[in-house]
Each structure stands twice: as structure tokens, then as C-alpha cells.
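S.K.: Structure provided below as C-alpha cells; questions to follow.
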Amino acid sequence: MDLRIFIQDQNTGDEGFYAKNRDGWEIDGIQTLTVSPGDCRAMLSGTLRRMFVGTLDVLEPLCRLAVQEENGWMPVFLICGHFPGDVESGKQFIREAREKEWPCGVILWELPLLEAVNRAEHILGTFRLWQRSFSGRRGGSRIRALVETCWELSSCPVALLGKDYRLLAWCGLEHGENYLGGQLLSRGRLEPEELEGIRSRQDIAVQYIRARASIVGSILLWRPLEMAHLDYCLPVMAEALEGWMKQAGQYTSMGISDRRLVFEKFIYDLLEGALGEGDTRMNEKLARTAQINGFGGDPYFVCVVFKYKEAGNRPLNPCVYPLKQRYPAGDFAIYRRSIVGLIPIKHRGPEELKLDALEKYLAGQGLIAGISGAGRRMEYFYTFYLMAEEALKLGADGNGSRVCCFEDFRMTYMLDLCRSAFVQRHGHQRQIYLCHPSLADLTAYDAQHHTDLFKVLSTYLKCCKNLTKTGRELSYHRNTVMNKLRKIQEVTGLSLEDDGIYPTLLFSCLMYEEMGE
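Per our numbering, the very first residue in the sequence shown carries number 40; after that it's consecutive.
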């Protein structure tokens, strides 16, 4: 697999590639380049995954093209940062990257450690993209907060390299697990014995990254040394990168790999209109990912949409891995301000999703979830996405549950479609004309005599004309229900014993209740 690291000399502006050839890794001709859109497009062409190191003016067009170009839509390793001079431009860039959900990390180049931390805190903390307080933190706690913040930005593993390019800290390689090498003192440096300890753990750290991470993440690099030391720095990064990339096609327990990238591309194409409903290319696209074709023997799938219940600026990226742990056979992608999931199931009901446990998890994270009906045809996945979104809308004012299943609202949705179709065809809002005309007489009688005959009729029909169940629902004696039903037949002139009119009356009552008339 090809890997090229784009680098830029901050002092001279010279740019080039650090590439692997038959003799190993070496600088591929540092030369002065004018980075044009064409050059950026060439860098992103094909299916190569590359790391980019450079200033804002270089990285911004790369980011934009990464979103536009089909083959380079999601570079798995993209470092953005070191906003030279103009902090406001850096803030604006981060804001735009966050809004468009660009896959970006942060690099601080040619800065002493504490200055790098201060710059990052100013850009990330003061701007309050994430409500994380850096005040009062010293030494290692500040570094930990900075690395965790960068992880939240990129949704990728983040590593901090020290002045000798040894790994000092990382975050996000395994959910909830962070590592801080040595005790960082308040003056921002390591004691010699602590530095020696990190050196001895370097090989272990690299092996840990290669074993755990199935996607290339962002590296936060503290590099106060001159350009000449790239020959030491880049091999260390390249070794980890190459290990990451070799595992990119494997579907590991981390759940973030080329499979996720392909699924995110599929979701983006589908929801942005690049794929039409019923387009069989959806099956072809998903079949290219690991074992997704056929869903591992499970005949059905559901679409699940996760969102924060309260609108805000919290990132969704940290929620993807726990969901993947909960549903290992599923695929998840971030789209706009939601996580879209495709989860295979064995039966049409959602019970095997363990809704009670999911409810508890969502409550702890402040999330809500909409679950579609079960389907089998992937080319109509967009329909199931709309089902999940509709479940969220219809369940928003429900009983307070954070899990909204479309099956609980299917009849409401069907009635709403009937009403919409009526308005579209007839050009007015009097959907009452869809209903049996006898209900108009019945509701008029209720209004005049202050009775509840319509409620009795509706409940009776919903209870499949069972008198005992109807009485229990209304807290009426069975004889009272019978008397009211006789009155209903007298007012409407209908025979409730006629099974032929039962479905029409039931539909009409449901439509009346939906309209609130």
C-alpha cells in the first residue's frame, strides 16, 4: 500500500514528500512548489491515504478538495494547524471544519511545548468549541486535556510526540483509555530519568498503536527543533502510519476502518442525492466492505439515527465507538449533526437491539435514537433513514423515552401520508372528507349533548369490538358500554354488527383523532 507524507519547511516554504521506496523511507526531493488546486487534487487522487503537514494556506485547499473529490473524500490522516500569526483565521478554519465535519486533527509546529499548549488552548479552549476548562491545569493535566480535545475534534487517535519524537501521550486508541508517559512537570519538561523511561517504552507504544488502531489518526507534534531532524521524526511517524494502514482494511474490534470510511461515503452520497432511490449501486458499494453483503447471515436490517436531545456544540465522534461496541455487526457514520447506523438483525422486530440497555446508555450520553422498520433491500435504505428520522420527530413529544421505534408510530405516519396525499390531490385542507360521513353526525351530537359517544366508538373499534376490553379502557361497566353503543347506532343509522364497515370506521376514527377534530 502506498503512503506519502506531504511536508513543508516552515522556514523556507520548501515542500515535498516523504515517500517509501524499495530502500525504505526517504525524503522525495524537497523542492520549492507553488501549491495550486491542481497540485492538491493530484495529492488526493486515487485511493491513497496520506498525512499532510503544513500551514493553513496549504491545508485549507486540501481539506476542501478532500470533501469534493470522490476518491479522496475521506483522508484517514489529515493534520491541520499551526495558524501562523492570525489566530482568528485559525478559529474560522476550525469552525468551518467542524460544521462540515472534515476529518481533521491539529499540529503545532516549531513551538516550545508550553507555547504550543498555550496556542492550542487559545484556539480550542477560548473559542469554546468544547466546554473544557484549561484553567488551573498544570503540567501533565494540561497536556492530557489538550490531547483529549484534539481527539474530540478529529475522532481519530491522537498522539503527542516529545522533542526527541518519543511518544508522550495519546488518546482515543481504546475507548476511555488514555496514556501519559512520565510525570510532566509544571515547567513543561521531563526529568532525564522520566525521559529515559519513555525511550524504553517507545517500542511498546508503537506496537500498542499498531495493534489497537485500525485507522490512521492525528499526531499532535511538539517539534522545537530544526528541519534537519525530520530524518529522525518521520521514520517514527511512518512506522506507526504504515502499521495503521496495513490494518485499515480489517474490521477490528475498534470498529473504525476502511469499512467505516466506505460506509460514510455511501451515507454521504445517498443523503446528498448522488445515489437515487432504488439505485442498485448501493449494494455494489456496500458489498466492497468487509462482509457487509448478506449481513453475515442476518436477513434484515434497521436504520438507527442518533442525535443529541438538546441542541448544542458537543461532538458526536466520541459516541461512535461505544455504539460499535454495543452493535459489533453494525456500521455507523456521522452525517451532519447525527450518527446514522445500519444494524443487521435476525427478525423484523427491534427487540434484539436490547432497547432497555440502549435507553440507559442514551440517557447517560444525552442522546435520543430513532429506529426504522426492518428491511431487506439496501437500495431502498434512504426510505428506512426517513423512517428513523420520522420516528424521532413523532416521538419527540411522547412519553419521555429516548428510543423511538417507527413501528410504534407506523399508523400515525400512514395517516399523515393519507392526509398529505389528499391535500396534494384536492388542493384544500378538509381531510375530514376522507372519513365516513356518519362521524360528523356523531361528533355534532357529542358537542350538543356533552356526551362521549365518539370516544366510546373509537375505543370499541380499537378493542376489536370486545365489550369487556372497551369497558376496562373507559372505566365503564359492560352494560354502560352496550347502552352507549345502541345510542351510537341510533344517531348514525349504522349497524355495528356489520363487519364490512368495521375497517372504514376504524380508519375514520383514527383520522379524526389525528386531525384533532
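The beta-carbon is built from N, C-alpha and C at its ideal position, and this holds for glycine as well.
(1) With a 10 Å radius around its C-beta and 16 neighbouring C-beta atoms as the bar for buried, classify K385 as buried or exposed.
(2) Go ahead and label P383 buried or exposed: buried means 16 or more other beta carbons lie within 10 angstroms of its beta carbon, across all protein chains shown.
(3) Have a look at I410 and K526 and give me their C-alpha separation to the nearest angstrom.
(4) In terms of residue numbering, what span does the beta strand (DSSP E) encompassing K346 cover?
(5) Looking at the secondary structure, which residues open and close the beta strand (DSSP E) in which P383 lies?
(6) Determine the direct distance from the alpha carbon of I373 to that of F420, and round the result to whole angstroms.
(7) Of the residues A435, E429 and S440, which one's Cα is nearest the Cα of R449?
(8) Who are the near neighbours of C443 in its chain, counting only those whose CB is closer than 6 Å to its CB and skipping five residues on each side?
(9) In angstroms, rounded to a whole number, what distance separates the CA positions of T422 and Y515?
(10) For V495, collect the residues of the same chain with a Cβ closer than 6 Å to its Cβ; drop the 5 residues on either side in sequence, then sort them by chain order.
(11) Sorted by chain position, which residues of the same chain lie with C-beta nearer than 7 Å to D538's C-beta, five sequence neighbours on each side aside?
(12) Specify the secondary structure class of D537 as computed by DSSP and reduced to three states.
(13) Do R441 and A402 count as a contact pair if the criterion is CB distance below 8 Å?
(14) Looking at C-alpha atoms only, which residue of R464, V344 and F493 is the closest neighbour of H475?
(15) Going by beta carbon distance, what residues of the same chain come within less than 8 Å of L500, once the five residues before and after it are set aside?
(16) Tell me the residue span of the alpha helix (DSSP H) that contains F445.
(17) Using a Cβ-Cβ cutoff of less than 7 Å, which residues in the same chain neighbour R167 once the five nearest sequence positions on both sides are dropped?
(18) Using the Cα positions of G369 and V341, report the straight-line distance between them to the nearest angstrom.
(19) Using DSSP's beta-bridge definition, name the partner residues of L406.
(20) In angstroms with no decimal places, state the Cα-to-Cα distance between M453 and P389.
(21) Taking Cβ positions, are Y347 and G439 nearer each other than 8 Å?
(22) How is Y515 classed by DSSP in three states: helix, strand or coil?
(23) Flag this pair as yes or no: are the beta carbons of E512 and C502 separated by less than 8 Å?
(24) Who are the near neighbours of S477 in its chain, counting only those whose CB is closer than 6 Å to its CB and skipping five residues on each side?
(25) On the three-state DSSP scale, how would you describe A396?
(26) Helix, strand or coil: which one does DSSP assign to D491?
(27) Tell me which residue opens and which closes the alpha helix (DSSP H) that Y610 is part of.
(28) Is it buried or exposed, T507, if we count other Cβ atoms within 10 angstroms and call 16 or more buried?
(29) By Cβ distance, which residues of its chain are closer than 6 Å to G380, with the 5 residues on each side in sequence left out?
(30) Apart from the five residues just before and just after Y551, which ones in its own chain have a Cβ nearer than 8 Å to its Cβ?
(31) Since G412 contacts E446 with CB under 8 Å, what's their CB separation in whole angstroms?
M.R.: Reading it off the structure:
(1) The residue is exposed, with fewer than 16 neighbouring Cβ atoms inside 10 Å.
(2) P383 should be labelled buried.
(3) Annotation: I410 to K526 spans about 42 Å, alpha carbon to alpha carbon.
(4) K346 -> beta strand (DSSP E) spans Y339 to Y347.
(5) Counted as a single uninterrupted DSSP element, the beta strand (DSSP E) harbouring P383 occupies residues S377 to I384.
(6) Straight across, the Cα-Cα distance linking F420 with I373 is about 16 Å.
(7) When only C-alpha atoms are compared, the closest one is E429.
(8) Here the set comprises G409, A430, L431 and G434.
(9) Using only the alpha carbons, I get a separation of about 43 Å.
(10) The residues K523, in chain order, have a CB closer than 6 Å to that of V495 in the same chain once the five nearest residues on each side in sequence are set aside.
(11) Result list for D538: empty, nothing under 7 Å.
(12) Three-state DSSP puts D537 in coil, outside helix and strand.
(13) Contact: yes.
(14) Out of R464, V344 and F493, F493 has the C-alpha closest to the C-alpha of H475.
(15) Within the same chain, L500 has close Cβ partners Y541, L544, L545 and C548.
(16) Segment: none, F445 is in no alpha helix (DSSP H) and carries neither H nor E.
(17) Confidence is the limiting factor: at R167 the pLDDT is only 32, short of 50, which leaves the residue's position unreliable, though a coordinate-based value still follows. Around R167: no qualifying Cβ.
(18) For G369 and V341, the distance between alpha carbons rounds to 10 Å.
(19) Paired residues: Y347.
(20) Answer to the nearest angstrom: the Cα atoms are 20 Å apart.
(21) No; because the gap between Cβ atoms is not below 8 Å, this pair is not in contact.
(22) Of the three classes helix, strand and coil, the one that applies to Y515 here is coil, per DSSP.
(23) In this structure, C502 lies closer than 8 Å to E512 by Cβ.
(24) Sequence-distant partners of S477 (beyond 5 residues in either direction) whose C-beta falls short of 6 Å from its own C-beta, in its chain, are T531 and L533.
(25) Residue state, collapsed to three classes: helix.
(26) Note: D491 maps to coil in three-state DSSP.
(27) Past the boundaries of the shown model lies residue 610; the chain is included only from 40 to 556, so the question cannot be answered.
(28) Using a 10 angstroms sphere on the CB of T507, the tally of other CB atoms stays under 16, which defines it as exposed.
(29) The answer, listed in chain order, is V343, G369 and F371.
(30) Counting only Cβ-Cβ distances below 8 Å, and skipping sequence neighbours, we find I471, C474, L478, T482, F493 and S497.
(31) Sure, about 6 Å apart at Cβ, within 8 Å.
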